[in-house]
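Q: My questions will all concern the structure given below.
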Amino acid sequence: MNNEITYIRQQISKLGIEIDERQAEQFYQYYSLLTEWNQFMNLTAITDFQEVVEKHFVDSLSIVFVQDIQRTETMIDVGTGGGFPGIPLKIAFSHLKVTLLDSLQKRITFLDHVIGELGLTDMKTIHGRAEDFAKPGLEREKYDLCVSRAVANLSTLSEYCLPFVKTGGSFVSYKSKDAKQELQNAKNAIFLLGGKTEECKDFILPETDISRSLVKIKKVNGCPKKYPRKSGTASRSPL
5 MNNEITYIRQ
15 QISKLGIEID
25 ERQAEQFYQY
35 YSLLTEWNQF
45 MNLTAITDFQ
55 EVVEKHFVDS
65 LSIVFVQDIQ
75 RTETMIDVGT
85 GGGFPGIPLK
95 IAFSHLKVTL
105 LDSLQKRITF
115 LDHVIGELGL
125 TDMKTIHGRA
135 EDFAKPGLER
145 EKYDLCVSRA
155 VANLSTLSEY
165 CLPFVKTGGS
175 FVSYKSKDAK
185 QELQNAKNAI
195 FLLGGKTEEC
205 KDFILPETDI
215 SRSLVKIKKV
225 NGCPKKYPRK
235 SGTASRSPL
C-alpha cells in the first residue's frame, strides 16, 4: 500500500495541495470501498487505481483553481453520486462542513458507510431531490459553496444549485469540456436566479490529456422564491 499512498500524495501535490499520510490513507480506503461496492451497484465506470486518483480525486480537488477552500466553511454537493467532489474535498480540507445530496437511497447508504469507515466528521447526507430541499426552511441559502459534477446543462444546474447558496457565496459547476457556449446559453437563468458569472477556467487534468472546465457563479442577489420549480421542470424546460 505504500506505493499507492505515495502516488496519491504526489498526484494531489500537483494541484498545490499537500496532504499528510493519514489523509492519503483515507483516500486509499475510499478507493477500496468504492471499488468493493461498485461490484453490486453503479457508482463509477472508472475502477483502475491510477485512473480513480486522476479522474475522480484530483479532478474533485481541482476546484482550488477557482475557489479558496481554506476560506470556505460550508459546502453542499448536489447530485453527489459516489461522493464526488464532496468526499475528496472533505478528506483534503478537514475544516469543511459538507452536505452530500443524492436522489438514490442506495448511494446514500454507501456514502454513510464511507463517512463512518473514514471517521469523517461535520458531514451529513440527504436522500432527496435538489428541488425539494432548496425550499425555505430546509437547506435554502445555507451554504458558502455549492458544487456539482452532475451531468446536466448549466441552466438546469443553476436552478438546482444557486438556491442553496448564501448571498455572497458561490456555485461551482464541474464540466468535462469547454463550457463557454453552455455558459452563454445559461446567462438568462443565472441572472434570474441571483447569480453572476465570475470565472470559467479551462485546464488539462495533470498526467492526462483530459480537458476540463470549472464554471464559478457568484450569488449576488437572493433567489426568487418560485425557484427551483417543481420536480423535473428545470430539466424539461430550462430557464
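Quick note, my numbering runs 4 ahead of the 1-based positions in the sequence shown. Beta carbons are placed, not taken as given, at the ideal position from N, Cα and C, and that holds for glycine.
The beta strand (DSSP E) with L105 in it runs from where to where?
A: 101-106 is the span of the beta strand (DSSP E), which, as asked, contains L105.
Q: For a minimum of 4 consecutive residues, which ranges assigned as the alpha helix (DSSP H) are wholly contained in the segment 152-230?
A: With a minimum length of 4 residues, the continuous alpha helix (DSSP H) runs that stay inside the segment 152-230 are 158-165, 184-189, 191-196.
Q: Which residue from S239, V70, K223 puts its Cα closest to that of F207?
A: Here the closest residue by C-alpha is V70.
Q: Give a yes or no on contact between the segment 175-195 and the segment 203-223, applying the rule of three or more CB pairs nearer than 8 Å.
A: Judged by Cβ distances under 8 Å, the segment 175-195 makes contact with the segment 203-223, as three or more pairs qualify.
Q: Ignore the nearest five residues each way along the sequence and tell me which others in R144's own chain have a CB closer than 6 Å to its CB.
A: Cβ within range, chain order: A138, P167.
Q: For R133, which of I23, S217, M45, D81 has the nearest alpha-carbon?
A: For the residues I23, S217, M45, D81, the minimum Cα distance to R133 belongs to D81.
Q: My assumption, with CB atoms under 8 Å, is that V118 sits in contact with L197. Please give the rounded CB distance.
A: In fact, because the Cβ distance is near 31 Å, the residues do not count as touching under 8 Å.
Q: What ranges does the alpha helix (DSSP H) occupy inside the segment 22-106, keeping only unbroken runs of at least 4 residues that lie completely in it?
A: Listed in chain order, the complete alpha helix (DSSP H) runs (minimum 4 residues) inside the segment 22-106 are 25-41, 53-56, 90-96.
Q: Grouping DSSP H, G and I as helix and E and B as strand, with all else coil, what is K110?
A: It is helical.
Q: Mind checking whether K128 and V102 have CB atoms under 9 Å apart?
A: Yes, they are a contact pair.
Q: Expressed to the nearest angstrom, what Euclidean distance is found between the alpha-carbon atoms of L108 and F88?
A: If I take the Cα positions, the gap works out to 15 Å.
Q: Tell me, to the nearest whole angstrom, how far the beta carbon of V57 is from that of I12; I am working on the premise that it is less than 8 Å.
A: Yes, V57 and I12 are in contact; Cβ-Cβ is about 6 Å, under 8 Å.
Q: From the DSSP secondary-structure annotation, give me the bridge partner or partners of L149.
A: DSSP output for L149 lists M79, S174 as bridge partner(s).
Q: Give the single residue among I112, G85, T78, S239 whose Cα lies nearest to the Cα of H97.
A: This sequence places Phe at residue 97; His is not what is there. Comparing Cα-Cα distances from F97 to each of I112, G85, T78, S239, the minimum goes to T78.
Q: My understanding is that Y32 touches M5, with C-beta atoms under 8 Å, so please give their C-beta distance in whole angstroms.
A: Their Cβ separation, rounded to whole angstroms, is 6 Å, which keeps Y32 and M5 in contact under 8 Å.
Q: Among the candidates L243, V224, K223, whose CA atom is the shortest distance from the CA of K230?
A: Selected option, being the one with the closest Cα: L243.
Q: CA-CA distance, I9 and K191?
A: I9 and K191: Cα-Cα distance of roughly 42 Å.
Q: Kindly indicate which residue of G236, N157, G86, L187 has the alpha-carbon position closest to the one of A49.
A: Of the candidates G236, N157, G86, L187, the one whose C-alpha sits nearest the C-alpha of A49 is G86.
Q: For G90, verify whether its CB is less than 8 Å away from any heavy atom of the ligand MG.
A: For the structure depicted, the ligand MG is absent and the ligand set is empty, with no information on it obtainable.
Q: Give the range of the alpha helix (DSSP H) segment to which T237 is assigned.
A: Per DSSP, T237 belongs to the alpha helix (DSSP H) from 237-240.
Q: Would K266 pass as a contact of K170 if the rule is Cβ separation under 9 Å?
A: Residue coverage of the chain in this structure runs from 5 to 243, which leaves residue 266 outside it and unanswerable.
Q: Check the C-beta distance from P228 over to E135 and give it rounded, since I have them as a contact under 8 Å.
A: Going by Cβ atoms, the distance from P228 to E135 rounds to 14 Å, so no, they are not a contact pair.
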